[in-house]
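Numbering of the sequence shown is given in UniProt numbering, commencing with residue 1 and proceeding in unit increments. Cβ coordinates follow ideal geometry from the N, Cα and C atoms, glycine included. Reading through the structure tokens given below for one structure.
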Amino acid sequence: MLKKESQNLEIDNLDIDILKQLMQDATKPYTEIAKDLIVSGGTIHVRMKKLQEMGIIKGSHLIIDPQKAGYDICAFLGIYLEKGIQYKDAVAQLSNIKEVVELHYTTGAYSMFAKIICRDTNHLRHVLNEEIQAVAGIQRTETLISLEESIRRQIELG
1 MLKKESQNLE
11 IDNLDIDILK
21 QLMQDATKPY
31 TEIAKDLIVS
41 GGTIHVRMKK
51 LQEMGIIKGS
61 HLIIDPQKAG
71 YDICAFLGIY
81 LEKGIQYKDA
91 VAQLSNIKEV
101 VELHYTTGAY
111 SMFAKIICRD
121 TNHLRHVLNE
131 EIQAVAGIQR
141 TETLISLEES
151 IRRQIELG
């Protein structure tokens, strides 16, 4: 069992089974999950509320295919900051750039590592040169363009 110490709450096998089903299909109705797991719909509802309160479930999202929506370039960006103290300000500025879809504070060569999605190479050039390089504190960046996403998944529970 996983234990959340700050709230002293635990998740059990039923919670994990509920999460597994919703991770496969977040639109699956609670009544269907209840039927599969041989419990009441109310039990699923109560468990989901508990998992949300614990912070295990942080919401649900519609996932689109960026390429089919006209965004053909996925790039990863290693970002070097002039000073580590500039991290929070840089994050605040980068959060305003809609093409930045992920941002991580990292160890190793880069201060931060970002994933950006753009329509094409001209759009990518604009985002890099006009928006990201304009962020105060960014010393330089290194760009890696993804040719193909081979694996995308969440962590497997249980």
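The C-alpha of residue 144 lies about 18 Å from the C-alpha of residue 97. By the CB criterion at 8 Å, residue 23 and residue 154 fall inside the cutoff. Contact annotation, residue 90 with residue 135: C-beta distance approximately 6 Å; criterion of less than 8 Å satisfied. The distance from the Cβ of residue 141 to that of residue 128 is about 7 Å, consistent with a contact at the 8 Å cut-off. The straight-line gap separating the alpha-carbon atoms of residue 45 and residue 157 is approximately 20 Å. For residue 114, the enclosing beta strand (DSSP E) begins and ends at 112-118.
With a minimum length of 3 residues, there is no unbroken run of beta strand (DSSP E) contained wholly in the UniProt domain "HTH asnC-type" (11-72). The Cβ-Cβ distance between residue 15 and residue 51 falls below 8 Å. Counting the other Cβ atoms within 10 Å of the Cβ of residue 94 gives 16 or more, which makes it buried. Beyond the five residues adjoining it in sequence on each side, residue 31 comes within less than 6 Å, by CB distance, of 41 in the same chain, given in chain order. Take residue 70, set aside five residues on each side of it, and the residues of its chain with a beta-carbon closer than 7 Å to its own are 119, in chain order.
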